[in-house]
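Shown next as structure tokens:
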């Protein structure tokens, strides 16, 4: 495969996009590239959902943590109670409070990069010799981009028609 160092010509991407349609269509009228676009959209939506849940968790944690003066230098209430020789019930409450504060601290310190996690999961499979064909995966990005744009335009055009099957003003249902 001869590939330009700087760019992937539009004509070649468009020809690829048309050629994929010749391979066959599903009963719903989708090409292999349409199905792949849908799969990538689902993966993106799943990653967006995970980030949304993570952001919500951090928001709740930050609301609870505002009552803790310093998350960097947390003083153990259990140690203070040991020194004061207080009742077992109060000691149990101190242990519970320490556990909650430690959990809040851990939630703030935990920095998970989900994109890196995804790369780490797929990297071994992509580096396996039986998947050498995936080394040319980047070549499908330009035709996939054209496919996405054509799909978006077609979906928006259907908004003004009587039969609105497949109509959308955005392909990203996650934001809705």
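Numbering (the UniProt record's numbering), first residue to last: 1 to 176. Just so it is clear, CB atoms sit at the ideal spot from N, CA and C, and this is done for glycine as well.
With a CB to CB cut of under 8 Å and the five nearest residues on each side skipped, what residues in its chain are close to residue 18? none
Rounded to whole angstroms, what's the CA-CA distance from residue 104 to residue 38? Just pull it up for me. 38 Å
Cβ contact check for the region 40-48 and the region 82-91: 3 or more pairs under 8 Å: Verdict: no, contact absent.
With contact counted as at least three CB pairs below 8 Å, one residue from each stretch, are the region 9-23 and the region 145-162 in contact? yes
Evaluate residue 101 with the Cβ neighbour count: other Cβ atoms within 10 Å of its Cβ, from every protein chain shown; 16 or more gives buried, anything less gives exposed. buried
Do you know offhand how far residue 136's Cα is from residue 57's? 38 Å
Count the other CB atoms, across all protein chains shown, that sit within 10 Å of the CB of residue 117; report buried if there are 16 or more and exposed otherwise. exposed
Segments assigned alpha helix (DSSP H), at least 4 residues, entirely inside the region 9-95: 10-22, 32-65 and 77-84
Where does residue 129 land, buried or exposed, given buried means 16+ other C-beta within 10 angstroms? exposed
For residue 176, three-class secondary structure by DSSP: The predicted model places residue 176 with a pLDDT of 41, which falls under 50 and marks its position as unreliable, so this point remains unresolved.
Run through DSSP, which three-state label would residue 113 get? Coil.
Buried or exposed, going by whether 16 or more other CB atoms sit within 10 Å of the CB of residue 73? exposed
Where the alpha helix (DSSP H) containing residue 151 begins and where it ends: 141-157
DSSP three-state label for residue 7, please. The answer is coil: DSSP assigns residue 7 none of H, G, I, E or B.
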